[in-house]
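Novice: A single structure is presented below for examination.
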């Protein structure tokens, strides 16, 4: 009995489930992941539409300096009588956008350096790893400070680029060692045996295997970049172009005396709480990403 | 012999790094928009200083003459650097940068090292507890605390410590390394004041490093626990205390590789912790020199921070080689 080709196909082709549906299923499995997703969504929304909700210059109110939380000012007011909640919401965009760019650049540089060093080995490896070691050894925050003297970065993109340049080395080392062990595996040898190019091997065979690790790193690097960014603004080294959480901390610490009064508590605490909440959200969500991307955990 | 060879190789690597960083800062200052050397020269000329005098002033400040070709300036700079001459500070007129950074260095180095030691001891203990009792509440809460503290950035930690213990609950003094009313000297009153002012900054360093140590030690102990020689020790009927010592000694080793990374992190943190607690160390010098546009000082402070990290790394490597016989033989 002859089987029609259509039949064979329908027998072998496994219906691929919708990627979003799979992701959703993994996320709702644990409440902690849902909380993480919600936290991230809130802050992304804040960054996207926050500055549109308020006038470009937030109103000040000399009669309500360090006002206690009320209906009009849910988080109280600062040293000028400006609503703290408004400052938090409008300040999210710069911080998050900058951190995103920073993570992106760090991952781009770190991954390419690690792949090239681990795959080609020999002189390329030793040259690249010397450079990596240099960036790993030189304390990155002082380096950032020194770099910020020549680079008056005022846009999130420029700030992200500088943060990326100083923060890629750890990832490069990790990617290199993974590439090292991957290139000895059978499937790479087979691919090389049929004459595929180095470029193909690197981008199509090795990269997909370390991609999950890189995606996880992208998320972790974002939180690290937020810290550095806010640290730079906090120390007052980067020119203040727009209001953001780091500027708030700087004002609270240096200019307004919020450090010395108990009534300045909310002004000081709000940006700190936001940084912690973003980190918290990312850490909780990371668990879901891990399960989604790690084939060994799938279906467990 | 192999030991000496490793040491020499690492030392040369460290020197090369210092050289690269020194060259980097040299060219950085010349890349800056409105090159500070020419700016300073023009400023002096504008105030009516005759050209030769202005020129010699600027050359003293930066350690070279500005109208020479760059490569010649670079060679002069390196020559002066070899004699530890980093030029003169701009904001503290007439004081050499070397003098300023050398008087600031002990503050940072002592604080960072104390912080590293405190966090190391506490973190390692917590890591052992977290691994050995990982199925009970004590181990799990230890892990949770370490993860939590590991995620907090240093400036946040220092800010919260400062706010809680100097504003909300006034138990510690805020700012300054000691009470200015007390005459400095080896007197109990002065040393007491010094210690009291050091508590919060050291705590900030220690807490920021603690989580990393605890988590590394935990995973290291967990992996050693699965080793066969531990099972063998258990079967031979060795006491729990003795077995713990076996475990700890073997689990300890990977921590020394982390030590080298953590030192850079700790020295980098001095920028925040010293600014927040107003400590006169290198990190504080770096931030204030940028605010004052004092580039020779910035260059010097950055160079010394980097050198401190490189030297500390070298020592950590040495220590690692000395305590692990497997590496010594290899």
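Chains as they are written, first to last, in the numbering used here: chain C, 2 to 301; chain R, 5 to 334.
Just so it is clear, CB atoms sit at the ideal spot from N, CA and C, and this is done for glycine as well.
Give me the chain R residues within the contact set of residue 138/C, using Cβ-Cβ distance strictly less than 7 Å, ordered along the chain.
Specialist: Within the first chain, residue 138/C is the residue found at index 137, counting from 1. In chain order, 21, 268, 313, 314, 317 make up the part of chain R whose C-beta sits under 7 Å from the C-beta of residue 138/C.
Novice: Is residue 94/R close to chain C, meaning its C-beta is less than 7 Å from at least one C-beta of that chain?
Specialist: Translated into positions along the second chain, residue 94/R becomes position 90. It does not; no Cβ of chain C falls within 7 Å.
Novice: Establish whether the CB of residue 334/R and some CB of chain C are separated by less than 7 Å.
Specialist: Sequence index remark: in the second chain, residue 334/R carries index 330 (1-based). At residue 334/R, the pLDDT of 47 sits below 50, so the modelled position is not reliable; the number obtained from the coordinates is stated separately. Chain C, which has no Cβ nearer than 7 Å to the Cβ of residue 334/R, makes this no.
Novice: Whole angstroms are fine: how far does the CA of residue 144/R sit from the CA of residue 154/C?
Specialist: To locate residue 154/C, count along the first chain from 1; it is residue 153. To locate residue 144/R, count along the second chain from 1; it is residue 140. Residue 154/C and residue 144/R: Cα-Cα distance of roughly 43 Å.
Novice: Between residue 276/C and residue 221/C, how many whole angstroms is the CB-CB distance? I'm expecting something under 8 Å.
Specialist: What you label residue 276/C is simply residue 275 of the first chain in a count that begins at 1. What you label residue 221/C is simply residue 220 of the first chain in a count that begins at 1. With a Cβ gap of about 14 Å, residue 276/C and residue 221/C do not count as contacting.
Novice: Please give me, in chain order, every unbroken run of the alpha helix (DSSP H) with length at least 4 that falls completely inside the region 63-150 of chain C.
Specialist: The region 63-150 of chain C is shown to contain whole alpha helix (DSSP H) runs of 4 or more residues at 85-121, 123-138, in chain order.
Novice: For residue 15/R, which residues from the same chain have a beta carbon less than 8 Å from its beta carbon, with the 5 sequence-adjacent residues on both sides left out?
Specialist: Here residue 15/R corresponds to residue number 11 of the second chain, with the count starting at 1. Take residue 15/R, set aside five residues on each side of it, and the residues of its chain with a beta-carbon closer than 8 Å to its own are 318, in chain order.
Novice: Does residue 95/R come out as helix, strand or coil in the three-state DSSP assignment?
Specialist: As a working note, residue 95/R is residue 91 in the second chain. Correct three-state label for residue 95/R: coil.
Novice: Please classify residue 100/R: does DSSP put it in a helix, a strand, or coil?
Specialist: Reading the second chain from its first residue, position 96 is the one you call residue 100/R. It is a strand residue.
Novice: Anything in chain R within Cβ reach of residue 261/C, meaning under 7 Å, just list it in chain order.
Specialist: Position 260 of the first chain, counted from the first residue, corresponds to residue 261/C. In chain order: 171.
Novice: Under the three-state reduction of DSSP, which class applies to residue 152/C: helix, strand or coil?
Specialist: Locating residue 152/C in the first chain gives position 151, counting from the first residue. Coil, per DSSP.
Novice: Applying the criterion that 16 or more other CB atoms from any shown protein chain within 10 Å of the CB defines a buried residue, is residue 187/R buried or exposed?
Specialist: In the second chain, residue 187/R corresponds to position 183, counting from 1. Answer is exposed; the Cβ neighbour count stays below 16.
Novice: Counting contacts by CB-CB distance shorter than 7 Å, is residue 232/C in contact with chain R?
Specialist: For this step, residue 232/C is matched to residue 231 along the first chain. At least one chain R Cβ lies under 7 Å of residue 232/C.
Novice: For residue 95/C, go through chain R and note every residue whose CB falls closer than 9 Å to its CB, in chain order.
Specialist: For the purposes of this step, residue 95/C is taken as residue 94 along the first chain, with counting starting at 1. Residues of chain R passing the Cβ test: none, with the nearest at roughly 17 Å.
Novice: Roughly how many whole angstroms lie between the Cα atoms of residue 174/C and residue 50/C?
Specialist: Residue numbering aside, residue 174/C sits at position 173 when the first chain is read from its first letter. Residue numbering aside, residue 50/C sits at position 49 when the first chain is read from its first letter. Residue 174/C and residue 50/C: Cα-Cα distance of roughly 38 Å.
Novice: Between which two residues does the alpha helix (DSSP H) harbouring residue 81/R extend?
Specialist: Looking up residue 81/R in the second chain gives position 77. Where residue 81/R is concerned, the enclosing alpha helix (DSSP H) stretches over 74-86.
Novice: Under 7 Å between C-beta atoms, does residue 150/C make it to chain R?
Specialist: Here residue 150/C is taken as the residue at index 149 of the first chain, counted from 1. Output row for residue 150/C: interface = yes.
Novice: Any contact between the region 113-130 of chain C and the region 245-256 of chain C? By contact I mean 3 or more CB pairs, one from each, below 8 Å.
Specialist: no
Novice: Along the chain, where does the alpha helix (DSSP H) containing residue 26/C start, and where does it finish?
Specialist: Along the first chain, read from residue 1 onward, the residue named residue 26/C stands at position 25. Counting along the chain, the alpha helix (DSSP H) containing residue 26/C begins and ends at 20-28.
Novice: Please confirm whether residue 343/R and residue 134/R have their CB atoms less than 7 Å apart.
Specialist: A query on residue 343/R cannot be resolved here, the shown segment of chain R reaching from 5 to 334 and no further.
Novice: Hey, is residue 82/R's beta-carbon within less than 7 Å of any beta-carbon in chain C?
Specialist: In the second chain, residue 82/R corresponds to position 78, counting from 1. Using beta-carbon distances, residue 82/R does not count as an interface residue toward chain C, since no partner is under 7 Å.
Novice: On the three-state DSSP scale, how would you describe residue 211/R?
Specialist: On the second chain, residue 211/R is found 207 positions in, with the first residue counted as 1. Three-state result, residue 211/R: helix.
Novice: If you draw a straight line from the alpha carbon of residue 328/R to that of residue 259/R, how long is it in whole angstroms?
Specialist: Taking the second chain and counting its residues from 1, the one referred to as residue 328/R is at position 324. Taking the second chain and counting its residues from 1, the one referred to as residue 259/R is at position 255. Residue 328/R and residue 259/R: Cα-Cα distance of roughly 12 Å.
Novice: When you compare the CB of residue 238/C with every CB in chain R, is at least one pair closer than 7 Å?
Specialist: As a working note, residue 238/C is residue 237 in the first chain. So, interface residue.
Novice: Starting from residue 280/C and walking both ways along the alpha helix (DSSP H), at which residues does that stretch end?
Specialist: Within the first chain, numbered from 1, the residue matching residue 280/C stands at position 279. Counting along the chain, the alpha helix (DSSP H) containing residue 280/C begins and ends at 266-294.
Novice: Compile a chain-ordered list of the residues in the region 194-222 of chain R whose CB is closer than 7 Å to at least one CB of chain C.
Specialist: For the region 194-222 of chain R, no residue has a beta-carbon sitting nearer than 7 Å to a beta-carbon of chain C.
Novice: Does the distance from the CB of residue 267/C to the CB of residue 85/C come in under 7 Å?
Specialist: Taking the first residue of the first chain as position 1, residue 267/C is located at position 266. Taking the first residue of the first chain as position 1, residue 85/C is located at position 84. Yes.
Novice: Over what stretch of residues does the alpha helix (DSSP H) that includes residue 297/R continue unbroken?
Specialist: Start at 1 with the first residue of the second chain, and residue 297/R comes out as number 293. From DSSP, residue 297/R is part of no alpha helix (DSSP H); its letter is neither H nor E.
Novice: I'd like to know whether the C-beta of residue 12/R is nearer than 7 Å to at least one C-beta of chain C.
Specialist: Here residue 12/R is taken as the residue at index 8 of the second chain, counted from 1. Not an interface residue.
Novice: For residue 233/R, collect the residues of the same chain with a Cβ closer than 6 Å to its Cβ; drop the 5 residues on either side in sequence, then sort them by chain order.
Specialist: The residue you call residue 233/R lines up with position 229 of the second chain. So the list is empty, once near-sequence residues are dropped.
Novice: So, under 8 Å CB-CB, residue 65/C and residue 168/C are touching, yes? Tell me the CB distance rounded to an integer number of Å.
Specialist: Position 64 of the first chain holds residue 65/C. Position 167 of the first chain holds residue 168/C. Between residue 65/C and residue 168/C the beta-carbon gap is near 41 Å, outside 8 Å, which marks them as no contact.
Novice: Given a cut-off of 7 Å on the beta-carbon distance, is the pair residue 33/R and residue 299/R in contact?
Specialist: Residue mapping note: residue 33/R aligns to position 29 of the second chain, counting from 1. Residue mapping note: residue 299/R aligns to position 295 of the second chain, counting from 1. The answer is yes: Cβ separation under 7 Å.
Novice: In chain R, which residues lie less than 8 Å from residue 45/C when you measure between Cβ atoms?
Specialist: Translated into the one-based positions of the first chain, residue 45/C becomes position 44. Here the premise fails: no neighbours, minimum Cβ distance about 20 Å.
Novice: Comparing alpha-carbon positions, which option in 56/C, 183/C, 151/C lies nearest residue 206/C?
Specialist: Position 205 of the first chain, counting from 1, holds the residue named residue 206/C. The shortest Cα separation from residue 206/C among 56/C, 183/C, 151/C belongs to 183/C.
Novice: In whole angstroms, give me the CA-to-CA distance for residue 177/C and residue 107/R.
Specialist: On the first chain, position 176 is the one that residue 177/C refers to. On the second chain, position 103 is the one that residue 107/R refers to. In a straight line, the C-alpha of residue 177/C is about 41 Å away from that of residue 107/R.
Novice: Which residue's Cα is closest to the Cα of residue 223/R: 75/R, 129/R, 46/R?
Specialist: Along the second chain, one-based indexing puts residue 223/R at 219. By alpha-carbon distance to residue 223/R, the top candidate from 75/R, 129/R, 46/R is 129/R.
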